[in-house]
Structures are given as C-alpha cells and as structure tokens.
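Quick note on numbering: the numbering used here labels position 151 of the sequence shown as 159, and the sequence is numbered without any gaps. Glycine included, C-beta positions come from ideal geometry on N, C-alpha and C. The structure under discussion appears below in the form of structure tokens.
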Amino acid sequence: MKVFMTGATGWIGSATVEELLRAGHKVIGLARSDISVASLEGQGATVLRGDLDDLDSLRRGASEADGVVHLANKHDWGNPAESDRAERAAVETLAEALVGTGRPFVVANGISGLVQGRPVLETDPSPAVGPNSDRGGAENLALDYVSRGVRTIITRFAPTVHGAGDWGFVNFLVSAARKQGVSGYIGDGSNAWSAVHRSDAARLIRLGLEKAPAGTRLHAIAEEAITTRTIAEAIGSALGIPVMPVAPEDADDHFGFVGSFFGQTMTGSSNLTRELLAWEPAGPTLLEDLKAGAYTKVGIR
9 MKVFMTGATG
19 WIGSATVEEL
29 LRAGHKVIGL
39 ARSDISVASL
49 EGQGATVLRG
59 DLDDLDSLRR
69 GASEADGVVH
79 LANKHDWGNP
89 AESDRAERAA
99 VETLAEALVG
109 TGRPFVVANG
119 ISGLVQGRPV
129 LETDPSPAVG
139 PNSDRGGAEN
149 LALDYVSRGV
159 RTIITRFAPT
169 VHGAGDWGFV
179 NFLVSAARKQ
189 GVSGYIGDGS
199 NAWSAVHRSD
209 AARLIRLGLE
219 KAPAGTRLHA
229 IAEEAITTRT
239 IAEAIGSALG
249 IPVMPVAPED
259 ADDHFGFVGS
269 FFGQTMTGSS
279 NLTRELLAWE
289 PAGPTLLEDL
299 KAGAYTKVGI
309 R
C-alpha cells in the first residue's frame, strides 16, 4: 500500500514510518523542512514538501495514495483557535480527496476530555462537534465521511506515548523534577493516566490502516490506569531525589504547563481494540521505561 502521512517525522509518526516500511508498505511523508526531508529519506520514505496549511499538498498526497495517516497537529498553545482551524481544514481536505474510494483514512486524537468520571471507551463519541469545538471537531468530521465512501479510522492515544527519546508529558515531568529537586505529584496522587509504548502505538496504526472497518475508533492504550503518584515515585527513584505532594494551587509553578494535565485523570480502555485487531501490546511499560533510564541519564540501580 502507498501511504501518505502527515506528522511522519514526529514522535509517533517516525515509529509508524518504520513500522509501515517493515511491513512492506511505501510511505510518502509530508515534510516542511530540510531536516525533516533528510530524516524521512534516511528511513527509506518518499517526501512531499509542504505543511498543514498547504492544502494543495495535502490534496495531492491523499489523492495519489492508497491510504492516509494523519498524525500532525499544528500545536499553537498561544492561539488554540488557530490550531483547531488548521486541524479541521486539514482533515476536510484529506477526506475530500478520498471520497468514493473506500481507501483508509487514519486520524489521530487523544482521550483527554472525552468523558468524565470513568475510562473512555471506543464506543464513546467525541463531544467535540463543529468548527468551534476542540480540534475543530475533526474526529466527528472525519467520521462523517464514512457515508461518502471513506474508510475512516480514528486512533485515540493515551496521554503518554512513551519510550526512549520521548519529548512529551513524561519528559516534562522529569525536567520539572530535576529543576525542583523533588519529584512531585498533585494532591494525593490518586488520579491516573493511561499509557502506551511508542512501538505498540505504531503497530496499532498499521493494523488499523490494513484491517479496521470504516467508522472504527481504536484506542492505543496498553496500561489503563497508572496513578500519578506511582509515576512520580518512579521518576524520583530514577533520579535519586525525594518524592512529595504538590498543592493543586502550586502545580503550574512546580511543573510548568504540564501541571494542568498532571492533576487530571486521563484513562481509557482498549478492550474492543484488542478484540477487533488482535492487538497485544508488547513494548515496555511506562514504569519499565523509567526504571531503565529512558528518560534519565541512568536508570534505577
């Protein structure tokens, strides 16, 4: 299969490129910089120059491919409305190019904010509807194209897609711990996060692209619930520093921007995903990665 990818040089995307190529697929990655071009070509992928705002490039890439994987997101923390607009425009452009083809269209999302008070299930629809909602309502927009002959597959990721080299939430928690000299958790640390190893997330994307029926929501979740206190304790052990609670009102000062997320429960189930695609996570757990030193210079001795 010839697969057009956005976000192909990102944390999840670069692992997905490797996974797809290893399985015998061809990858065309969207790239906006010379560094990204070199990275993709070094992996053995073909390059299409452009970015998420270059809708002509998106249209061309999708129309010439046998399937599309959309992982990129225009993260503009200072202007979330612009991020939402760009995401909706990109999804609409890619989907329009696939109308009537039956080709797969994998669209990424997270699990945060989808439901309250319980783990998110694959059967839970996103509450974000319309252009003025979170991510421009892109998940529901993509699913609307199922009725127009697009094999849309939504892949929702755990809040931490971990592994050596990760620059996401856990990396920021480790950086905060180094800076503060203590590894903190908010309140009593009983709130929990789901987690998945990067390699398992990439494999799920490939399986979804190859096999998932139109309209499927997949959950890239290997571990359903790890308490934030447990995460903080693992970071503290890896760094050899104390572990202590942080008052909710001090979270932003202590952790930086990630503090607003670390105080939340963000969990989901992947039971239906596993049953549908026989997906069984095989990578290290989050605590195993922390213990092995994936986020620190040395692991726990």
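According to DSSP, what are the bridge partners of Ile-194?
Val-254
As a quick exercise: from Phe-265, Glu-288, Ile-243, pick the residue whose alpha carbon is nearest that of Arg-211.
The residue with the shortest Cα to Cα distance from Arg-211 is Glu-288.
Nearest CA to the CA of Arg-156: which residue from Pro-112, Thr-281, Val-266?
Pro-112
Give me the residue from Gly-192, Leu-151, Val-251 with the minimum Cα distance to Thr-224.
Ranking the options by Cα distance to Thr-224, first place goes to Leu-151.
Can Phe-165 and Val-204 be called in contact, C-beta distance under 8 Å?
yes
Where does Lys-299 sit, in a helix, a strand or coil, going by DSSP?
helix
Should Thr-14 be labelled buried (16 or more other beta-carbon atoms within 10 Å of its own) or exposed?
buried
What's the C-alpha gap between Pro-127 and Met-274?
7 Å
Where does Leu-122 fall in DSSP's three states?
coil
Going by C-alpha distance, which of Gly-189, Arg-282, Ala-73, Thr-293 is nearest Ser-202?
The shortest Cα separation from Ser-202 among Gly-189, Arg-282, Ala-73, Thr-293 belongs to Thr-293.
Would you mind giving the Cβ-Cβ distance between Ala-246 and Lys-299, rounded to the nearest angstrom? I have them listed as a contact below 8 Å.
7 Å
Go ahead and label Asn-81 buried or exposed: buried means 16 or more other beta carbons lie within 10 angstroms of its beta carbon, across all protein chains shown.
Asn-81 should be labelled buried.
For Ile-308, does the three-state DSSP call read helix, strand or coil?
For Ile-308, the predicted structure reports a pLDDT of 47, less than 50, and the residue's modelled location is therefore unreliable. The matter cannot be settled from this model.
Which one or two residues does DSSP pair with Met-13 in a beta bridge?
Per DSSP, Gly-37, Val-77.
Is the stretch 98–109 touching the stretch 244–263, taking contact as three or more C-beta pairs under 8 Å?
no
On a Cα-Cα basis, can you pick out the residue from Glu-231, Leu-295, Asp-261 that is closest to Ala-240?
Leu-295
Near Ile-229, which residues of its chain fall below 6 Å by C-beta distance, leaving aside the five closest residues on each side in sequence?
Ala-166, Ser-202, Val-204, Gly-276, Ser-278
For the pair the stretch 167–184 and the stretch 137–150, tell me if three or more CB-CB distances fall below 8 Å.
Taking 8 Å as the limit for Cβ pairs, the verdict is that the stretch 137–150 does not touch the stretch 167–184.
Could you tell me which residues DSSP puts in a beta bridge with Leu-284?
Looking at the DSSP assignment, Leu-284 forms no beta bridge with any residue, so it has no partner.
Going by the beta-carbon positions, is the gap between Gly-37 and Ala-16 smaller than 8 Å?
yes
Measure the beta-carbon distance from Val-35 to Ala-53 and round it to whole angstroms, keeping in mind my assumption that it falls under 8 Å.
Contact holds; Cβ gap of about 4 Å.
What residue range does the beta strand (DSSP E) around Val-266 cover?
First-last for Val-266: undefined, no H or E at that position.
Apart from the five residues on each side of it in sequence, which residues of its chain come closer than 8 Å, Cβ to Cβ, to Phe-180?
Excluding the 5 residues flanking it on each side, Phe-180 has same chain C-beta neighbours closer than 8 Å at Phe-263, Gly-264, Phe-265, Val-266, in chain order.
Does any residue of chain B bring its CB to less than 8 Å from the CB of Lys-305?
Absent from the structure is chain B; it holds one protein chain and no more.
Considering just the uninterrupted stretch of the alpha helix (DSSP H) at Trp-19, what are its terminal residues?
Annotation for Trp-19: the continuous alpha helix (DSSP H) segment containing it runs 19–30.
Excluding the 5 residues flanking Leu-28 on each side, which residues of the same chain have their C-beta closer than 7 Å to its C-beta?
Setting aside the 5 residues that flank it on each side, Leu-28 is surrounded in the same chain by Val-11, Val-35, Arg-214, each with a C-beta closer than 7 Å to its C-beta; the list follows chain order.
Whole angstroms is fine: what's the gap from Arg-68's alpha carbon to Arg-57's?
11 Å
How would you label Arg-309, buried or exposed, when you count the other beta carbons within 10 angstroms and need 16 or more for buried?
Because the pLDDT at Arg-309 is just 40, under 50, the model does not fix this residue reliably, and the value given afterwards should be weighed accordingly. Residue environment analysis places Arg-309 among the exposed positions, since fewer than 16 neighbouring C-beta atoms fall within 10 angstroms of its C-beta.
Alpha helix (DSSP H) containing Ala-136: first to last residue?
No alpha helix (DSSP H) holds Ala-136; DSSP gives it neither H nor E.
Identify, in the order they occur along the chain, each residue of the same chain with its Cβ nearer than 7 Å to the Cβ of Gly-307, setting aside the five sequence neighbours on each side.
Legend: pLDDT at Gly-307 = 48, less than 50; position of this residue unreliable, no value from coordinates given.
Among all the DSSP beta bridges, which residues are the ones paired with Glu-231?
Ala-203
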